[in-house]
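For the sequence shown, this note's numbering assigns the number 1 to the initial residue and increments by one for each residue that follows. C-beta: ideal position from N, C-alpha, C; glycine also. Let me begin by presenting the structure, written as structure tokens, before commenting on it.
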Amino acid sequence: PISAFELLSTYIELSQPASKRDINVLADAAISDAELQAELRYLASSPSRFTEEIVKKRVSPLDLLTRYPQIKLPIGDFLAMLPPMRVRQYSISSSPLVDPSECSITFTVLSAPALANDTAVVSENIEQYLGVASNYLSELQAGERAHISVRPSHSGFKPPVDLETPMIMACAGSGLAPFRGFVMDRAEKIRGRRSSPDSNELHDNEAILPAKAVLYIGCRTQGQDDIHAGELAEWAKLGAVDVRWAYSRPADGSKGQHVQDLMLEDRVELVKMFEEGANIYVCGSTGVGAGIREACKQMYLETVSYTHLDAADE
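Structure representation (structure tokens):
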């Protein structure tokens with residue numbers, strides 16, 4: 001035996017968007033309302049309506065059952081529609097060089113009006129979309145335990161082993177998580193290098209300076225959601241990173257900027273870093289990635305054009 005609460009909160013995805021097959025099953029169950037049956041079947045058969053009204057708004061079978069109480073669906077048929085609860089993955093935002101027995105994660109607590117809300121209906125009781133894992137983690141108390149497993153990251157998404165490889169990092173919001181770990185790792189290596197017996201007065205300053213590491217971070221407003229700003233400033237003083245914030249909603253009322261805007265302003269410097277063998281890392285939403293990709297593409301095209309012009313002048 002298992003309680004309904006445990007089943008619905010632990011084992012299945014309640015917010016998974018409905019499939020066309022799901023909608024047809026719901027239509028079969030709406031036997032008391034022929035008009036609703038026809039509407040649901042049309043919704044499932046129309047690619048444009050299905051995309052706009054179900055996929056983009058992330059409308060789940062539960063949303064449809066709540067919206068149309070005349071659908072009488074057996075609990076077994078409802079559960080059969082729902083996929084098992086999937087694993088949530090977060091980037092580790094710390095370095096094992098600080099403490100190999102501890103690690104941290106940095107995440108955004110997802111709590112916002114659900115896209116599935118009917119915008120035509122104005123109500124004080126607007127349904128909220130609550131992220132399953134982020135809200136669970138935010139409510140954990142000191143001493144409580146959570147089940148986790150640690151997995152290696154993709155082979156390309158790791159900081160250079162040495163300090164001699166330039167780095168360009170770009171992110172927005174909690175996409176800062178892995179880069180906090182990257183910079184923490186660099187800071188510990190720099191401290192270790194400076195405290196090493198080998199780094200004595202015979203070495204000039206140039207010999208122990210790390211390669212440049214630039215970190216672009218996008219957030220809304222300074223002092224509100226610029227997470228980890230204090231420790232990043234300390235690491236910047238150490239020479240581990242050069243932090244550049246892009247505020248989309250500046251408190252002073254000035255025009256907002258995104259990460260790609262700052263990168264384009266720094267195009268000359270970044271192109272030089274690319275030519276010196278810099279690695280580039282991006283962490284954020286699809287929109288963030290697309291914007292940064294377009295900025296890098298523009299830098300490349302400008303560089304190629306200038307090269308051709310110089311050759312022609314010669």
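Checking 9 Å against the spacing of the C-beta atoms, do residue i and residue j come in under that value?
| i | j | result |
| --- | --- | --- |
| MET169 | VAL109 | no |
| GLY131 | SER149 | no |
| MET184 | SER101 | no |
| PRO113 | GLN128 | yes |
| ALA29 | ASP77 | yes |
| PHE90 | ALA177 | Checking the sequence shown, residue 90 turns out to be Tyr, not Phe. For TYR90 and ALA177, yes; Cβs fall inside 9 Å. |
| PRO166 | LYS237 | no |
| ALA295 | MET263 | yes |
| GLY284 | GLY218 | yes |
| ILE12 | LEU97 | no |
| GLN260 | GLY291 | yes |
| GLU31 | PHE50 | The question names Glu, but residue 31 in the sequence shown is Ile. No; because the gap between Cβ atoms is not below 9 Å, this pair is not in contact. |
Taking the C-alpha atoms as reference points, what is the distance between residue i and residue j?
| i | j | result |
| --- | --- | --- |
| GLU53 | SER60 | 11 Å |
| SER19 | GLY175 | 30 Å |
| ARG267 | LEU43 | 48 Å |
| LEU40 | TYR300 | 49 Å |
| LEU202 | GLU188 | Caution is warranted here: a pLDDT of 43 is assigned to LEU202, below 50, making its placement in the model unreliable, and the coordinate value is therefore given only provisionally. Their backbone Cα atoms lie some 22 Å apart in a straight line. |
| ARG194 | LEU209 | 10 Å |
| ALA80 | ASN135 | 26 Å |
| GLU35 | SER15 | 26 Å |
| SER104 | SER305 | 45 Å |
| ASP33 | LEU115 | 26 Å |
| ASN205 | ILE190 | Legend: pLDDT at ASN205 = 48, less than 50; position of this residue unreliable, value from coordinates given subsequently. Cα-Cα distance, rounded: 13 Å. |
| ILE227 | ALA133 | 20 Å |
| GLU240 | GLY230 | According to the sequence shown, residue 240 is Ala rather than Glu. In a straight line, the C-alpha of ALA240 is about 14 Å away from that of GLY230. |
| VAL122 | PHE182 | Annotation note: pLDDT 48 at VAL122 (below 50); position unreliable, coordinate value reported separately. When rounded, the distance between both Cα atoms is 46 Å. |
| PRO160 | ASP225 | 28 Å |
| ARG186 | TYR68 | 56 Å |
| ALA207 | ARG180 | Note that ALA207 scores 49 on pLDDT, short of 50, meaning its location in the model is unreliable and no value can be drawn from it. |
| GLN37 | PHE5 | 30 Å |
| GLU265 | GLN222 | 20 Å |
| GLU234 | GLU164 | 21 Å |
| ARG220 | LEU232 | 17 Å |
| ARG21 | SER46 | 13 Å |
| LEU65 | ARG88 | 26 Å |
| ILE92 | GLU302 | 36 Å |
| SER3 | SER155 | 42 Å |
| LEU270 | SER196 | 31 Å |
| ALA146 | SER254 | 43 Å |
| ARG58 | ALA142 | 34 Å |
| GLU275 | THR10 | 50 Å |
| SER48 | ASN117 | 19 Å |
| ASP242 | ARG293 | 21 Å |
| THR286 | GLU144 | 34 Å |
| ALA251 | PRO1 | 55 Å |
Can you tell me whether residue i is buried or exposed? The criterion is at least 16 other CB atoms within 10 Å of its CB, across all chains shown.
| i | result |
| --- | --- |
| ASP99 | exposed |
| PRO74 | exposed |
| TYR247 | buried |
| ASP162 | exposed |
| ARG249 | exposed |
| ILE126 | exposed |
| ALA278 | buried |
| VAL288 | buried |
| LYS297 | exposed |
| LEU140 | exposed |
Rounded to whole angstroms, how far is the Cβ of residue i from the Cβ of residue j, which I believe are closer than 8 Å?
| i | j | result |
| --- | --- | --- |
| ARG244 | TYR281 | Their Cβ separation, rounded to whole angstroms, is 15 Å, which puts ARG244 and TYR281 out of contact at 8 Å. |
| PRO84 | VAL55 | 21 Å between Cβ atoms; not a contact. |
| LEU26 | ILE71 | 5 Å |
| LEU137 | PHE157 | Not confirmed; about 22 Å, so no contact. |
Run the proximity test for residue i: is its beta-carbon closer than 8 Å to any non-hydrogen atom belonging to the ligand GDP?
| i | result |
| --- | --- |
| LYS57 | Ligands are entirely absent from the displayed structure, and the ligand GDP is therefore not among its contents. |
Tell me, please, which residues DSSP counts as bridged to residue i.
| i | result |
| --- | --- |
| LEU130 | SER111 |
| ASP242 | VAL214 |
| TYR281 | MET169 |
| TYR247 | CYS219 |
| ILE92 | ILE105 |
| ILE12 | PRO84 |
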